[in-house]
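First the structure, in the form of structure tokens, and then the observations on it.
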Amino acid sequence: MTGGADHWNAAYAMGDGGVSWFEERPELSLDWIARAGGAEQGVIDIGGGASALSAALLRQGLCDISVLDLSQAALEIAQTRLGDEAAEVCWICADMTRWTPNRTYGVWHDRAVFHFMTTPEARAAYIAAMRAALPVGAAAVMATFADDGPDKCSGLPVQRYSPDQLAETLGAGFVLEQSARQVHVTPAGREQKFQISLLRRVEEV
Numbered sequence: 237m238t239g240g241a242d243h244w245n246a247a248y249a250m251g252d253g254g255v256s257w258f259e260e261r262p263e264l265s266l267d268w269i270a271r272a273g274g275a276e277q278g279v280i281d282i283g284g285g286a287s288a289l290s291a292a293l294l295r296q297g298l299c300d301i302s303v304l305d306l307s308q309a310a311l312e313i314a315q316t317r318l319g320d321e322a323a324e325v326c327w328i329c330a331d332m333t334r335w336t337p338n339r340t341y342g343v344w345h346d347r348a349v350f351h352f353m354t355t356p357e358a359r360a361a362y363i364a365a366m367r368a369a370l371p372v373g374a375a376a377v378m379a380t381f382a383d384d385g386p387d388k389c390s391g392l393p394v395q396r397y398s399p400d401q402l403a404e405t406l407g408a409g410f411v412l413e414q415s416a417r418q419v420h421v422t423p424a425g426r427e428q429k430f431q432i433s434l435l436r437r438v439e440e441v
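To convert, note that position 99 of the sequence shown is 335 in this note's numbering; the numbers rise steadily by one, no gaps.
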């Protein structure tokens with residue numbers, strides 16, 4: 237992944253406002269996870285370290301939630317927010333390009349990680365992990381900068397996508413079911429154009 241743990245630990249050390257994609261209320265993610273179905277088989281939030289999503293999913297009654305992030309500092313922010321409830325979440329501090337899942341999930345959620353995979357090698361490693369984590373019938377909810385969105389985030393280059401480009405990049409075995417555009421307003425008040433897509437694993441390849 238572009239940017240190492242030190243880069244992201246420093247960003248998160250500035251608090252929730254230190255990263256441009258922070259949302260106090262992750263309604264969009266909750267909506268698309270509900271659309272995906274299968275959350276009872278487990279949800280993994282990729283790059284969700286400091287996100288409020290895990291807390292929101294717990295409030296909805298889900299009890300099989302995993303959060304993966306490169307930054308230990310990010311994970312600690314979310315754990316502090318949850319307090320004693322943090323023990324109900326599986327926290328994984330890992331680099332997506334070097335991580336191998338040891339189980340499967342019903343929903344893979346990624347809000348603004350995949351677009352940091354700017355080399356073929358990084359994208360291939362990410363997709364291999366996703367394929368290992370999602371059985372046939374499971375779904376991926378993925379948000380990236382849109383094809384007309386910013387070309388950098390948090391000082392790092394990104395790869396922008398349309399929904400069709402994202403589906404093509406993931407390759408055979410995934411089908412694009414739904415997509416939408418979103419304009420996200422950062423804590424600093426800047427607008428960022430995103431696409432969000434729901435992709436279904438339809439076959440092993």
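Ideal Cβ placement from N, Cα and C applies to all residues, glycine included.
In this text the structure is predicted, and so the values were computed from the model without any measurement.
Using the Cα positions of residue i and residue j, report the straight-line distance between them to the nearest angstrom.
i	j	result
alanine 286	glutamine 308	10 Å
isoleucine 432	tryptophan 327	24 Å
alanine 270	valine 377	10 Å
tryptophan 244	valine 349	Only weak support is given to the placement of tryptophan 244: the predicted model assigns it a pLDDT of 49, under 50, and the value that follows is read from those uncertain coordinates. C-alpha separation (whole angstroms): 12 Å.
tryptophan 268	valine 343	10 Å
alanine 382	methionine 353	15 Å
arginine 417	tyrosine 341	25 Å
valine 448	alanine 288	The structure shown does not extend to residue 448, since the chain is modelled only from 237 through 441, so no value can be given for it.
glutamate 440	isoleucine 363	13 Å
cysteine 329	isoleucine 301	14 Å
glycine 283	glycine 409	23 Å
threonine 380	arginine 347	7 Å
valine 438	threonine 422	35 Å
leucine 311	aspartate 331	13 Å
arginine 396	cysteine 389	11 Å
According to DSSP, is residue i helix, strand or coil?
i	result
serine 415	strand
leucine 434	strand
leucine 306	coil
glutamine 442	No statement about residue 442 is possible, as the shown extent of the chain runs from 237 to 441 and does not include it.
glutamate 440	coil
Would you mind sorting residue i into buried or exposed? The rule is 16 or more other CB atoms within 10 Å of its CB.
i	result
proline 393	exposed
proline 356	exposed
threonine 316	exposed
alanine 369	buried
glycine 425	exposed
arginine 436	buried
glycine 385	buried
glutamine 296	exposed
Kindly list the residues whose CB is nearer than 8 Å to the CB of residue i, restricted to its own chain and excluding five residues on each side of it in sequence; keep chain order.
i	result
arginine 261	Ala288, Ala292
leucine 294	Ile301, Leu318, Glu321, Glu324, Val325
glycine 407	Ile363, Val441
serine 290	Asp281, Gly284, Ile301, Val303, Ala314, Leu318, Val325
Cutting at 6 Å between CB atoms, please list the residues of its own chain near residue i, excluding the five before and the five after it.
i	result
leucine 402	Ser433
In chain order, what residues of the same chain have a beta carbon less than 7 Å from the beta carbon of residue i, not counting five sequence neighbours either side?
i	result
aspartate 305	Gly283, Gly284, Gly285, Leu311, Cys329
Residue ranges of each alpha helix (DSSP H) within the region 331-407, 4 or longer: 356-369, 399-406
Uninterrupted beta strand (DSSP E) stretches inside the region 253-287 (no shorter than 3 residues): 279-282
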